[in-house]
Amino acid sequence: MPELPEVETIKNGLNKLIINKTVASVSYDWPKSFPNSKSDYKSFLIESRVELVRRRAKVLIVNLSSQYSLVIHLKMTGQLVYKDKKTRFGAGHPNRSLIGKLPDKSTRVTVSFDDGSKLFFNDQRKFGWMRLMPTIEIENLDFFKRVGPEPLSDNVNWKVLRDRFKRKKNSSIKASLLDQSVLAGIGNIYADESLWGAKIHPAILVGTLKDKDYQTLYKEIVNVLNLSISLGGSTDKNYIDAEGKKGSYLAFAKVFRKEGLPCPRCGHTIIKTRVANRGTHLCPHCQRR
DNA sequence: CACTTGACCTGTCCGC
DNA sequence: TGCGGACAGGTCAAGT
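This is how it looks when you write it as structure tokens:
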């Protein structure tokens, strides 16, 4: 899915595109993608106004004037794409092939605003969801009660990272980075990229890490996430932002999907293996066990 | 408890 | 071409 940088990019886009718009109607064709009762969305989504779009971990929160919010998880293949009435996606338009023909067969939910513009929730694999709930109850969701701190928050530093990893000492470092209750927002791409930056083998057990490792790893996580946000995230297959644009981070990635290519640091061949049951990319020379 | 595996889905790619 | 299996950015429930 969209990881932290992709969700952040979508959030920024939506804050430019849908603030103060009023919902006119909603339609959906896959109930699990929109698990809300008809009376709820008629009362608290229709005719309510979008006030603010926020992000926590990989989750988007659209605050509505009804005191309800849409809580959205895009999981692996979810997209949130805005399309207004006047933009023409004619031949030659850069986003034509991506959003010109929406809705399409992957469109699960369509939110229509009263000015005729629409927000499409597309999701090929149907893992994602868009749930309506009272804004004050969001913090009580199990996920939000357990989720770890935001890695780019001012309150987080390498010592926080070390403390968060304490209870994971018998897990691999990669599995721990993917665990949202340890640290929020990191997924498979940025786990591999930051471990390469820190020269740490993904299968190393957390219990063997030294303070120096945490210092380096924390710095790499911040660098990698910030770089990706500045590049609009990573587009591997499905990801596009709220305007239909792809992200360009993977052109700068060092190991993710780079198996068979030389390591940009030492020239040894990058390999792909399996750690924590996930495809894992690393340089076997720089990242020793 | 901590940790791993299977399930949720569709689509694509690769080997036979 | 067709078919089976593995795999894909995430998370949860159920297993050990």
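Its first residue numbered 1, the first sequence is counted upward by one per residue in the working numbering. We treat Cβ as the ideally placed atom computed from N, Cα and C, and that holds for glycine.
Cβ neighbour criterion (16 or more within 10 Å) applied to residue i
{"i": "residue 140", "result": "exposed"}
{"i": "residue 266", "result": "exposed"}
{"i": "residue 55", "result": "buried"}
{"i": "residue 155", "result": "exposed"}
{"i": "residue 115", "result": "exposed"}
{"i": "residue 31", "result": "exposed"}
{"i": "residue 228", "result": "buried"}
{"i": "residue 188", "result": "buried"}
{"i": "residue 37", "result": "exposed"}
{"i": "residue 261", "result": "exposed"}
{"i": "residue 52", "result": "exposed"}
{"i": "residue 230", "result": "exposed"}
{"i": "residue 39", "result": "exposed"}
{"i": "residue 110", "result": "buried"}
{"i": "residue 136", "result": "exposed"}
{"i": "residue 201", "result": "buried"}
{"i": "residue 27", "result": "exposed"}
8 Å Cβ cutoff met for residue i and residue j
{"i": "residue 145", "j": "residue 275", "result": "no"}
{"i": "residue 71", "j": "residue 138", "result": "yes"}
{"i": "residue 99", "j": "residue 244", "result": "yes"}
{"i": "residue 186", "j": "residue 60", "result": "no"}
{"i": "residue 106", "j": "residue 124", "result": "yes"}
{"i": "residue 34", "j": "residue 130", "result": "yes"}
{"i": "residue 161", "j": "residue 195", "result": "no"}
{"i": "residue 213", "j": "residue 198", "result": "yes"}
{"i": "residue 289", "j": "residue 203", "result": "yes"}
{"i": "residue 183", "j": "residue 151", "result": "yes"}
{"i": "residue 67", "j": "residue 134", "result": "yes"}
{"i": "residue 225", "j": "residue 236", "result": "no"}
{"i": "residue 46", "j": "residue 65", "result": "no"}
{"i": "residue 240", "j": "residue 81", "result": "yes"}
Integer Cβ distance of residue i from residue j, believed to fall under 8 Å
{"i": "residue 117", "j": "residue 84", "result": "4 Å"}
{"i": "residue 75", "j": "residue 127", "result": "4 Å"}
{"i": "residue 255", "j": "residue 281", "result": "4 Å"}
{"i": "residue 168", "j": "residue 206", "result": "5 Å"}
{"i": "residue 191", "j": "residue 13", "result": "At roughly 25 Å, the Cβ-Cβ gap does not stay under 8 Å, so residue 191 and residue 13 are not in contact."}
{"i": "residue 272", "j": "residue 259", "result": "4 Å"}
{"i": "residue 181", "j": "residue 148", "result": "6 Å"}
Beta-ladder partner(s) of residue i, from DSSP
{"i": "residue 79", "result": "122"}
{"i": "residue 252", "result": "According to DSSP, which records beta bridges pairwise, residue 252 is partnered with nothing at all."}
{"i": "residue 113", "result": "23"}
{"i": "residue 53", "result": "62"}
{"i": "residue 281", "result": "272"}
{"i": "residue 134", "result": "68"}
{"i": "residue 129", "result": "73"}
{"i": "residue 262", "result": "269"}
Assigned secondary structure, residue i (DSSP; H/G/I helix, E/B strand, else coil)
{"i": "residue 143", "result": "helix"}
{"i": "residue 31", "result": "helix"}
{"i": "residue 257", "result": "coil"}
{"i": "residue 164", "result": "helix"}
{"i": "residue 223", "result": "helix"}
{"i": "residue 271", "result": "strand"}
{"i": "residue 24", "result": "strand"}
{"i": "residue 234", "result": "strand"}
{"i": "residue 153", "result": "coil"}
{"i": "residue 207", "result": "helix"}
{"i": "residue 41", "result": "helix"}
{"i": "residue 71", "result": "strand"}
{"i": "residue 172", "result": "strand"}
{"i": "residue 316", "result": "Lying outside 1 to 289, the shown extent of the chain, residue 316 is not represented and no answer is given."}
{"i": "residue 102", "result": "coil"}
{"i": "residue 107", "result": "strand"}
{"i": "residue 177", "result": "helix"}
{"i": "residue 215", "result": "helix"}
{"i": "residue 48", "result": "coil"}
{"i": "residue 240", "result": "coil"}
{"i": "residue 247", "result": "coil"}
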